[in-house]
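Below is one structure, written out as structure tokens; the observations come after it.
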Amino acid sequence: MQSILTVTRIFTTSLFLLYASWSDYRTREVSNNVWIVFAPIAFALTITEIYFYNSSQLRLYGICFVLTSALAMLLFYSGGFGGADAKALMCLALALPFYPKDFLQPLSRLVSPISQIFFPITIFSNSVLLAATTAIYMLLRNLIWRQRTSQKFFEGEYINASLGKRLLVLVTGYRASIDKLRERWHLYPLEDVETTEGILKR
């Protein structure tokens, strides 16, 4: 029975997070209803498993949720997180507070002490590292674009920008046409562009 509860928690978490990711990709928003439904289901499944099979972990469950929520709120109010990101992390603390070692084995076959009792924190740190790799993708994309088109990287305000700012642009964005921005509204421009009397100004 315990294994069924654990698998259900993993499956439910994956289902809600996949839907949230899809919604974020499509509309750049995730409805609060996702977390309103997810949170009580996650809590009910986890508290049931802990109560019947690992009652000694009840206090750790509370500590994990409080610490994870504090981190999520800190990142949200400091501007490092969006609202959906913070809610997702808190829901993770409700659903998967501890590493499900009976079902998921890391490549090293060793589970760190932090992962064992603060699994959402591990997920967060791994997500940060994974997101950082997008900088490599952006840089390679820009270099390939430059090689193929022979066009300049920078125009407008970035022509006289500092080296550090230019490097930051190269690893966080890429060139896109105005039409493409209109079609894919989830893209955010790195500069302000306006048309005045038929003349494009940056």
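So the sequence shown is residues 52 to 253, counted in the numbering used here.
All residues carry an ideal CB built from backbone N, CA and C; glycine is no exception.
All figures in this text were calculated on a predicted structure; none of them were measured in a lab.
#1: State the CB to CB distance for the pair I168 and F149, rounded to an integer number of angstroms; the pair is presumed to be in contact (CB under 8 Å).
#2: Relative to the alpha-carbon of L118, which residue among A227, A182, I172 has its alpha-carbon at the smallest distance?
#3: When you compare the CB positions of F67 and V88, do they come within less than 9 Å of one another, or not?
#4: List the whole-angstrom C-beta distance separating W30 from Y225, where the pair is believed to meet the contact cut-off of C-beta under 8 Å.
#5: For a test of the three-state rule: what should DSSP assign to L82, helix, strand or coil?
#6: CA-CA distance, A227 and A121?
#7: State buried or exposed for Q100, treating a residue as buried only when at least 16 other CB atoms are found within 10 Å of its CB.
#8: At what residues does the alpha helix (DSSP H) containing G134 begin and finish?
#9: Enumerate, from N- to C-terminal direction, the unbroken alpha helix (DSSP H) stretches of 4 or more residues contained entirely within the stretch 209-241.
#10: Is it buried or exposed for K203, if we count other Cβ within 10 angstroms and need 16 for buried?
#11: Our contact map puts A90 next to C142 with C-beta atoms below 8 Å; I'd like the distance itself, whole angstroms only.
#12: Can you name, in chain order, every residue of its own chain whose Cβ lies under 7 Å from the Cβ of L145, other than the five neighbours on each side?
#13: Does K138 pass the burial test, meaning 16 or more other C-beta atoms within 10 Å, or should it be called exposed?
#14: So Y209 and V220 are in contact, right, with Cβ under 8 Å, and what is the actual spacing, rounded?
The structure says:
#1: Rounded, the Cβ-Cβ distance is 6 Å, consistent with contact.
#2: Relative to L118, the option among A227, A182, I172 whose CA is nearest is I172.
#3: Taking 9 Å as the Cβ cut-off, F67 and V88 qualify as a contacting pair.
#4: What is shown of the chain runs 52 to 253, which leaves residue 30 out entirely.
#5: Note that residue 82 corresponds to Ser in the displayed sequence, not to Leu. Coil, per DSSP.
#6: Rounded to the nearest angstrom, the two C-alpha atoms are 38 Å apart.
#7: At residue 100 the sequence reads Glu, which differs from the Gln that was named. Classification of E100: buried, given that the 10 Å Cβ count is 16 or more.
#8: Per DSSP, G134 belongs to the alpha helix (DSSP H) from 134-146.
#9: Listed in chain order, they are 214-223, 229-234.
#10: Counting Cβ neighbours within 10 Å, K203 comes out exposed, since fewer than 16 surround it.
#11: Contact check for A90 and C142: beta-carbon distance about 5 Å, within the 8 Å limit, so the pair qualifies.
#12: Same-chain partners within the cutoff: A90, A93, F94, T97, F116.
#13: With 16 or more neighbouring CB atoms inside 10 Å of its own CB, K138 falls in the buried class.
#14: The beta-carbon distance between Y209 and V220, rounded to whole angstroms, is 6 Å. This is short enough to meet the 8 Å contact definition.
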